[in-house]
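S.K.: The listed protein sequences correspond, in order, to chains A and B. Just so you know, we're using the working numbering here: the first sequence kicks off at 100 and counts up by one. Just so you know, we're using the working numbering here: the second sequence kicks off at 8 and counts up by one.
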Amino acid sequence: EAGVVQSPRYKIIEKKQPVAFWCNPISGHNTLYWYLQNLGQGPELLIRYENEEAVDDSQLPKDRFSAERLKGVDSTLKIQPAELGDSAVYLCASSFIAGAAYNEQFFGPGTRLTVL
Amino acid sequence: GENVEQHPSTLSVQEGDSAVIKCTYSDSASNYFPWYKQELGKRPQLIIDIRSNVGEKKDQRIAVTLNKTAKHFSLHITETQPEDSAVYFCAASTGPGGGADGLTFGKGTHLIIQP
Numbered sequence: 100e101a102g103v104v105q106s107p108r109y110k111i112i113e114k115k116q117p118v119a120f121w122c123n124p125i126s127g128h129n130t131l132y133w134y135l136q137n138l139g140q141g142p143e144l145l146i147r148y149e150n151e152e153a154v155d156d157s158q159l160p161k162d163r164f165s166a167e168r169l170k171g172v173d174s175t176l177k178i179q180p181a182e183l184g185d186s187a188v189y190l191c192a193s194s195f196i197a198g199a200a201y202n203e204q205f206f207g208p209g210t211r212l213t214v215l
Numbered sequence: 008g009e010n011v012e013q014h015p016s017t018l019s020v021q022e023g024d025s026a027v028i029k030c031t032y033s034d035s036a037s038n039y040f041p042w043y044k045q046e047l048g049k050r051p052q053l054i055i056d057i058r059s060n061v062g063e064k065k066d067q068r069i070a071v072t073l074n075k076t077a078k079h080f081s082l083h084i085t086e087t088q089p090e091d092s093a094v095y096f097c098a099a100s101t102g103p104g105g106g107a108d109g110l111t112f113g114k115g116t117h118l119i120i121q122p
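Encoded structure:
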């Protein structure tokens with residue numbers, strides 16, 4: 100099966116510009132996650148969706164970050180305006196969660212953002 | 008919230024020797040503990056995981072142990088090979104079945120296998 104797809108893979112922008120990242124999860128996965136990974140660090144959760152609903156966005160900097168998953172499938176993460184400190188890899192992951200059933204999180208290849 | 012500490016940050020072992028990476032967590036409600044391997048420029052990939060109702064799990068050369076009382080878990084790799092060189096992340100999560108919630112990751116261990 101196809102894995103988690105993200106685009107673009109790389110993005111270079113100037114500070115104060117907007118930027119958007121797109122993620123298409125594995126078919127049938129109802130739960131989608133966005134993580135931020137700084138160089139030399141582990142991923143940090145930004146937001147988690149169950150179908151269309153954002154069930155955990157406590158770590159999302161809402162003054163400049165926004166996300167949507169309108170039809171419960173693919174998702175977009177936006178930054179407006181971008182700051183120098185936003186340079187990082189943005190990872191999307193998906194999973195199928197049903198009650199107490201266990202399923203691993205599969206990660207996409209990430210989008211590497213460089214803010215100049 | 009959950010805090011996961013991971014040690015060491017860098018580990019160099021001779022090919023064929025064993026490697027052990029240790030993690031501690033703070034939230035006693037955490038019930039799912041995966042380990043991910045990430046090669047340079049690649050996506051994190053799950054290599055093994057353990058849930059809180061199990062003390063040890065093994066898959067060929069890889070094993071994970073969990074001590075819920077002490078709130079620590081460890082990754083053991085035996086007979087290391089050059090292809091084991093990568094960054095390894097431990098993580099912890101809560102949720103009804105484990106893994107439903109977002110993962111809290113450690114800072115990673117750069118494992119270097121010396122030929």
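Glycine included, every Cβ here is placed at the ideal spot set by N, Cα and C. Note that the coordinates shown come from a computational prediction; the quantities given were computed from them, not determined experimentally.
Using a threshold of 9 Å, state whether the C-beta atoms of residue 21 (chain B) and residue 93 (chain B) are closer than that.
M.R.: It is not a contact, given that the beta carbons lie outside the stated cut-off.
S.K.: Return the chain-ordered ranges of every beta strand (DSSP E) run that is complete within the stretch 166-196 of chain A and spans a minimum of 3 residues.
M.R.: The qualifying runs are 174-178, 187-194.
S.K.: Name the two residues that bound the continuous beta strand (DSSP E) containing residue 125 (chain A).
M.R.: Note, residue 125 (chain A): premise wrong, no beta strand (DSSP E); not H, not E.
S.K.: Kindly indicate which three-state DSSP category residue 92 (chain B) falls into: helix, strand or coil?
M.R.: Note: residue 92 (chain B) maps to coil in three-state DSSP.
S.K.: Would the stretch 200-213 of chain A count as touching the stretch 106-118 of chain A if we require 3 or more Cβ pairs under 8 Å?
M.R.: yes
S.K.: Between which residues of its own chain and residue 206 (chain A) is the CB-CB distance below 7 Å, once the five residues before and five after are set aside?
M.R.: 103, 190, 192
S.K.: Take the Cβ of residue 91 (chain B) as the centre, count every other Cβ of all protein chains shown within 10 Å, and call the residue buried at 16 or more, exposed below.
M.R.: So residue 91 (chain B) counts as buried.
S.K.: In chain B, what lies closer than 7 Å to residue 141 (chain A) by C-beta?
M.R.: 96, 112, 113, 114, 115
S.K.: For the stretch 46-60 of chain B, enumerate the residues whose C-beta is nearer than 9 Å to any C-beta of chain A, in chain order.
M.R.: Answer in chain order: 48, 49, 50, 51, 52, 53, 56, 58.
S.K.: Run through chain A and tell me which residues come within less than 7 Å of residue 109 (chain B), C-beta to C-beta.
M.R.: 132, 144, 147, 155
S.K.: If you compare alpha carbons, which of B:15, B:120, B:110, B:86 is closest to residue 194 (chain A)?
M.R.: B:110
S.K.: Determine, using beta carbons only, whether residue 11 (chain B) comes closer than 9 Å to chain A.
M.R.: It does; some Cβ of chain A falls within 9 Å.
S.K.: Which residue comes first and which comes last in the beta strand (DSSP E) that contains residue 81 (chain B)?
M.R.: Residues 79-84.
S.K.: Taking C-beta pairs closer than 7 Å, name the residues in chain B that residue 209 (chain A) reaches, listed in chain order.
M.R.: Simply 50.
S.K.: For chain B, check one thing: does any of its Cβ atoms lie closer than 9 Å to the Cβ of residue 103 (chain A)?
M.R.: yes
S.K.: Between residue 70 (chain B) and residue 79 (chain B), is the Cβ-Cβ spacing less than 9 Å?
M.R.: Residue 70 (chain B) is not a Cβ neighbour of residue 79 (chain B), given a cutoff of 9 Å.
S.K.: If contact means a Cβ-Cβ distance below 8 Å, which residues of the stretch 28-41 of chain B contact chain A?
M.R.: Those residues of the stretch 28-41 of chain B placed with their C-beta closer than 8 Å to a C-beta in chain A are 39, 41, ordered along the chain.
S.K.: If you run the structure through DSSP and keep just helix, strand and coil, what is residue 113 (chain A)?
M.R.: coil
S.K.: Compute the distance between the beta-carbons of residue 63 (chain B) and residue 72 (chain B), then report whether it is under 9 Å.
M.R.: yes
S.K.: Grab me the residues of residue 110 (chain A)'s own chain with a C-beta within less than 8 Å of its C-beta, minus the 5 sequence neighbours each way, in chain order.
M.R.: 118, 120, 210, 211, 212, 213
S.K.: If we call anything under 9 Å between Cβ atoms a contact, is residue 127 (chain A) one with residue 150 (chain A)?
M.R.: no
S.K.: Compare the beta carbon distance of residue 136 (chain A) and residue 187 (chain A) with 9 Å and say whether it is the shorter of the two.
M.R.: yes
S.K.: Helix, strand or coil, according to DSSP, for residue 161 (chain A) in the structure here?
M.R.: coil
S.K.: I need the boundaries of the beta strand (DSSP E) containing residue 149 (chain A), first residue and last residue.
M.R.: 143-149
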